[in-house]
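Residue numbers (the numbering used here), protein chains in the order written: chain F, 1 to 887; chain S, 1001 to 1118. Ideal Cβ placement from N, Cα and C applies to all residues, glycine included. Model, not experiment: these values are computed from the prediction. Below is one structure, written out as C-alpha cells, with a few remarks after it.
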Amino acid sequence: MSAPERAIAALAGAVARALLLLYPGGFRRETGDELVRDFRLRAADRAQSGGGVRAVLWLCRGTVSLVLNAPGAWRERGEAGGEPIGTVGREARIAVRGLLRSPGFTAVVVGTLALGIGGTAAVFSVVNAVLLEPLPYEEPDQLVRLYQFDEEDPATDLFVSAPHFLAYREQASAFQDLVAIYTYEETSADLLVGERSERVRMLRVSSGYLRLLRRRPVAGRGFSREEEVGAPVALLSERLLDRLGEDRAGPGGSVELDGIRYTVVGIVPADLEDPVAGWVDVWLPLDLHSGGAQYPGNHYLSVLGRRADGVTPERAREEMAALDRSLGERWPDVADDGGFRLAPLHADLVGEARPILLLVLGAVGLVLLIACVNVANLQMVRALGRRRELAVRSALGGGRSALARQLLLESLLLALAGGTLGVAVAVVGVDSLVGLAGDAVPRSGAVAVDGALLAFTAAVTILTGVAFGLGPALALSRTSPAATLRNVSAGSSGSPRYARVRSALVTGQVALSLVLLVGASMLATSLYRMTRVDLGFEPDGVLTFELNLPPGRYEPESRASFHPEMVERLERLPGVEAVGATSWLPATERGYGWGTRPLTGPRAGEDEALVGTDQRIVEGSFFEAMGVPLLEGRLFDSRDGPDAQSVAVVSREVAERLFPGTSALGQRIRMGGQERDIVGIVGEVAVRPDGSTAPTVYHSHRQYADRLWTLTYLVAGSGEPTAALPEVRQVIAEADPLLVVHAPVALSEIVSGGRGREQFAFVLTGAFAMLALILALLGLYGVLSHVVRRRRREIGIRLALGADARGVAGTVVAHGMLVTGAGLALGLIGSLALGRVLGSLLFQTDAADPRILLAAAGTLVTAALVAAGIPAFRATTVSPRTTLVEE
Amino acid sequence: MSDPGDPHSFLPLRSVELDVLLSVADRPRHGYGILQDADERSGGRPGFEIPTLYRALRRMRDAGLIESAEAPEEDDDPRRNHWRATALGRDVLREEIRRLEVMVAAGHAVGAGSGGVA
C-alpha cells in the first residue's frame, strides 16, 4: 500500500473504532474488531482501484451507514434479551436536555459548525460537479480531443485542417468515431419564426456526431457523409422546438436560417449538451470538401474522437503518430504541420478552472478547520465546567463506556444540528457560487445539490462531532473522580495546562486567518491592477451589439454597402459621437490568427519573416469610436471601396517587426491568401482583459465583403451607453425589420466580464478571510475571558493590594498579543507558501510583496487588540471584595 | 418473530440477507468475502455497507439461518469468523428464489427485463 492509501485506511479504522461506541457492548465485543478491520480493508481497496478521492467518498457512505445502523443494532439486541431497549433513546434525551441547559454554548457551536460545514459542502459540490463528475456521455473516458501543433511552437494547440481530419477518419482504426465540429468561433444564425427573427445558437458538425455521443435522435436521423458539403439540411434541438411552441417543425419540415431554407432531417434530445459548445439549438453539416476545407495548412476544426473498445490511449497515440507521419509525407509543404496531440476530453475542458477551484476548496477547508478548532475550544471549556458532574457520575458506577457514549452523543447531536443547518447554508451557497462564477467555471450547469453533497456534509458532520467532542471529554473523564470531588474551588475551572492548550489552538486560528487574509489581499491587488491596465482603447460610453446580415437575403455587394449607410444613419442620432463596426471585439480573447508576410521592404523574401497576426475587419469610424490612436498615415475612408486598391491598417508591432528601420506605409503584405497595401499604422490594442496585445492587421469591410462577417457595432457617445438603444433599434428596423440587434451591452461590461475568473477567486477568498477573522477573534476573546475568569481571585487580591487597574488590564492584553504574535509568525510562513501556490492567478502582483503582508498583519493585530480589550476592561472591574468573599 | 419451523415466515428477505445466503449457501465465507462476492454479483454496487452486513450476520445467526463454520483449507485468512448457511437457511433461500422467480415471470409478461418482448 502506498502512503496515502495507508493514511486513508488508518482514518477509516479510526472512524469505525470511534463510532462503534454507539453500539451495544455485545455487538462491539463480538463483531467490533472484524468490522474495524474490514473498514480499513475496504478503504484501501477503494483507494487502490479508484484513487484517494473515491476512497474518501466511500468513507463518507460507510460513516453514515455506521451511524444509521446503530439504533437497529440496539433494537435487535433488545429483542434478543440483554440490556433494556430504549437505552439509546433515553441517553439521547439526557444529552439533549444537557445541551438545552447551556443555550448560548449550543447556539454558538451549532452556528459555527453550520457555517463551516455548509461552506465546505457548497464548495465541494461545485468542485465535484466540475472536476470530478464524469462527462454526461456513455463511457466518457473514451472521449478525446485532437489538436495539431506547429513545429516551431509545439506548446500551442492548433485546430485541425479538413484534409487531415478526413485522412484520420478514414484510416485510424484506434478510434470507433471521429467527428469534426466548428467551434473556431461561436456561430449563431437568425431563425425566421413567423414574422420575426430569433437568434439561435448554431453548430456545424460532420456526420457521426450523434453516434460519437452515443445518443439517438428523438426523431429522424443524423447527417450522412454525402451531406458533408454544407447541404441544406438541419438538426433541431427539442429544446428549440419547445421554445417555439406551435411553430414546430419535424423531420421533413423546413426552417429558414439567415434567409436560407434548410430541410429538417432529425430532432436532437433536449438534454444533449455539446461538450465544447454547450447548449446548441441547431446543427448544420460542415462542408469538408470545398473552399478553405481543401488546404491542409488551414486549421479551423475541433476534432473529437472516441477510442475503440479495448484500445488504450498509448495504442491510439502510436497509431495516430504513424498515420500523421505518412500524412506529412503526402503534404510536405504544409507550414504548420508539427504533429498532433490527443487530450482526454474531460481534462481538456476543465483544465483551466482546476487551479481556481482547488484554491477555493483549500480556502474553505481552512475555514472549516478554524470553525472546528473554535468548537473544540468551546467543548473543552464546557467539559471543564462539568468536571464535577462527570466525576460524580463516574464514581457512581456509570461505567466509562456509558460516560463516553453520553459525551459522544452530545457531540453528535451538536454536529447533527450544525450539519442540518449547514445543508441549508450549502444549498444557498451553491446557488450563490454558481451565480458568482458565471463563465469562470465550466460545466456550471452540472452543479446541483445532490447526493454527494449531502453525503459529504453528513460525513464531515459526524467526523467533526467525533473528533472534537470525544477527545477532550474523554481525557477529562480519565481524571480520578476522588481527586476532582475533593477539589474545593468549584468556581475556578481548569488548570493552567488546559489554558495553554486553548491558547495554542487560538494561535493556530490566528495563523490560518492571516494566511486567508493575505491570500484575499493578493487577489484583491491583482484584480485592482487588472482594472487599471491600459487596454489601448476607451471602453467607457460605448454600446455594442451584433448585427448579422443573413446571406440568404444579402449578397456581398449589398452587405458591403449596407454597413456604411447604417453607420451614417446611426451617427446622426443625438448624443452619438462615432459609430464603427468590427469582426471581433478587443480584450475578449477572440480573433482570427493568420500568418502575415511582407512582400516588399527589407525583409521581403525572408523565410522567417512571418508574424502571427490577429485579423480584424472594420467599418465606419471604428478607430474613433474605440479611441485607438492613429500613429502614421491614414485610416480607412470612402476611397477604400471594392474596386479600389486593397489596403490595410496595421498595428505598430506589425510595422516594426515586418519593416524594421523603414516606414511601413506603402508596403505590401500577404495573409490568408490576400494581399494588401499598408496605408496607416495605429496603436496597440489589447486582445485579452489583462492588457496583453497581439500584432493586428485591420481590413476594410467593403473590400472584404465577399466573405461573410458578422459585425459587432460600436456606438460611442456621451451618456449611458444603453440609453441610445431604443433609437438604434428603430433606425435598424427602418432599414430592415427582420434584422436582429443581438446581445446589446456596454463595452465596459464586456471588458470587466473578461476578468470574471479573477473576480470570482477574489470575492470568495475575501469572504472566507472575513469569516476566518471573525472566528479567530471569537476564539481569542474566549480564551482571554476564560483567563480573566480563572484568575479572578488573583486579580481581586492584586487590586485589593493596590495594583493599578490599568496594569492588570495591560497583563491581559499582553497575553492576547503574545498569542496573536505567535499566530502571526506561523501565519507568515503559511502566507509565503500560499504566494507560490497562487502564482498563476496573480496579475502583476508579487506574491511576497511585504506591503500586502504588513497590511494583512496590521489588520489582524488591530482586530485582536479590540478582542483583547473587552476582557481586559472586565478585569479592571473585578471588585476585590466580591471575589474574596466568594471563597 | 419468525417461526424457525417455517421458512416462509422469513420472507420477503431483506436484500442484504439474500446476498448473504447466496454467498454462504454452498461454501463458508467470512464477512469481507461475502462483501466481495456481492461486489462481483452486482458489478461493484453491492447495495449494502459493512455495518449493515455485520448487523445482518448477527441477526441471521440469532434467527438460525447461518452458523459459524470452520475456514476451508484454501482460505486466505483462517483466523476470521466464517459463516455457512444452516439447513433452515438453505430452505429459506430456496423459498425466496421461488418467490423472486414469480416476480421475474410477471415482469417479463409486462415487457420488462431482458427476457421479455422488446
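| So which residues of chain S does E76 of chain F contact, with C-beta pairs closer than 8 Å? | R1055, R1058, R1059, D1062
| Can you tell me whether DSSP reads T710 of chain F as helix, strand or coil? | coil
| query | So, helix, strand or coil for T820 of chain F, using DSSP? | reply | helix
| Can you tell me whether H1008 of chain S is buried or exposed, with buried defined as 16 or more other CB within 10 angstroms of its CB? | exposed
| said: Restricting to Cα atoms, I'd like to know which of F:P602, F:Y554, F:R54, F:D640 is closest to S700 of chain F. | reply: F:D640
| message | I'd like to know whether the C-beta atoms of V861 of chain F and L824 of chain F end up nearer to each other than 9 Å. | response | yes
| query | For E565 of chain F, which residues from the same chain have a beta carbon less than 8 Å from its beta carbon, with the 5 sequence-adjacent residues on both sides left out? | reply | A735
| Supposed close pair P642 of chain F, Q730 of chain F - CB separation, criterion 8 Å | About 29 Å; that fails the 8 Å criterion.
| task | May I have the straight-line CA-CA distance separating G351 of chain F from T156 of chain F, to the nearest angstrom? | result | 15 Å
| said: Just verifying my parser: in three-state terms, what is the DSSP assignment at L1065 of chain S? | reply: coil
| query | Per DSSP, I260 of chain F is paired with what? | reply | F:L257
| Near-chain S residues of the stretch 59-76 of chain F (beta-carbon distance less than 7 Å), N- to C-terminal order | For the stretch 59-76 of chain F, which is checked against every Cβ of chain S, the residues closer than 7 Å are R61, G62, S65, L66, N69, G72, A73, E76.
| P598 of chain F - partner residues in DSSP beta bridges | F:I669
| task | State buried or exposed for Y528 of chain F, treating a residue as buried only when at least 16 other CB atoms are found within 10 Å of its CB. | result | exposed
| request: Mind listing the chain S neighbours of E34 of chain F? Cutoff is C-beta to C-beta under 9 Å, in chain order. | output: H1030, G1031, Y1032, Y1054, R1080, N1081
| said: Our contact map puts V430 of chain F next to S125 of chain F with C-beta atoms below 8 Å; I'd like the distance itself, whole angstroms only. | reply: Between S125 of chain F and V430 of chain F the Cβ distance is about 5 Å, and since that is below 8 Å, they are a contact.
| message | For the stretch 768-782 of chain F against the stretch 867-877 of chain F, do three or more pairs of beta-carbon atoms, one drawn from each stretch, fall closer than 8 Å, so that the two count as touching? | response | yes
| task | May I ask which residues mark the beginning and end of the beta strand (DSSP E) holding E170 of chain F? | result | Taken as a continuous stretch (DSSP letters only), E170 of chain F belongs to no beta strand (DSSP E), being part of the alpha helix (DSSP H) at 162-171.
| message | Run through chain F and tell me which residues come within less than 9 Å of E1067 of chain S, C-beta to C-beta. | response | None at all; the shortest Cβ gap to chain F is about 14 Å.
| said: I need the straight-line Cα distance from L143 of chain F to D309 of chain F, nearest angstrom please. | reply: 11 Å
| query | Listed in chain order, which residues of the stretch 41-54 of chain F have Cβ atoms closer than 8 Å to some Cβ of chain S? | reply | Near chain S, meaning a CB-to-CB distance below 8 Å, the residues of the stretch 41-54 of chain F are L41, R42.
| Is any heavy atom in the ligand NAD found nearer than 8 Å to the beta carbon of S831 of chain F? | No copy of the ligand NAD appears in this structure; indeed no ligand is present at all.
| Reduced DSSP category for E83 of chain F - H, G, I as helix; E, B as strand; rest coil | The predicted model places E83 of chain F with a pLDDT of 48, which falls under 50 and marks its position as unreliable; any figure quoted below should be read in that light. Coil, per DSSP.
| message | What does the alpha-carbon distance come out to for the pair G580 of chain F and G683 of chain F? | response | 17 Å
| message | On the DSSP bridge list, what partners appear for L203 of chain F? | response | F:W283
| task | Answer with yes or no whether the minimum CB distance from P1072 of chain S to chain F is below 9 Å. | result | no
| task | Report the three-state DSSP secondary structure of R341 of chain F (helix, strand or coil). | result | Reduced to three states, the DSSP call for R341 of chain F is strand.
| query | Quick one, which residues of the stretch 118-142 of chain F are near chain S if we go by CB-CB under 7 Å, in chain order? | reply | Here the close residues number zero.
| query | F175 of chain F bridges to which residues according to DSSP? | reply | F175 of chain F is bridged to F:R307.
| query | Quick one: Cα of A546 of chain F to Cα of E568 of chain F, how far? | reply | With the sequence shown as reference, residue 546 of chain F is identified as Glu, and Ala is not the correct amino acid for it. For E546 of chain F and E568 of chain F, the distance between alpha carbons rounds to 17 Å.
| message | Check for me: the alpha helix (DSSP H) holding Q703 of chain F runs from which residue to which? | response | Looking at the DSSP string, Q703 of chain F is not in any alpha helix (DSSP H), and its letter there is neither H nor E.
| query | Are any of the Cβ atoms in chain S nearer than 9 Å to that of E30 of chain F? | reply | yes
| query | At a Cβ threshold of 9 Å, is D271 of chain F touching chain S? | reply | D271 of chain F is outside the set of residues whose beta carbon lies under 9 Å from a beta carbon in chain S.
| task | Give me the Cα-Cα distance between E273 of chain F and P136 of chain F, rounded to the nearest whole angstrom. | result | 8 Å
| query | Using DSSP with H/G/I as helix, E/B as strand and the rest coil, what is L512 of chain F? | reply | helix
| request: Check whether the stretch 740-757 of chain F touches the stretch 519-539 of chain F, taking contact to mean three or more Cβ pairs, one atom from each stretch, closer than 8 Å. | output: Result yes; three or more Cβ-Cβ pairs closer than 8 Å.
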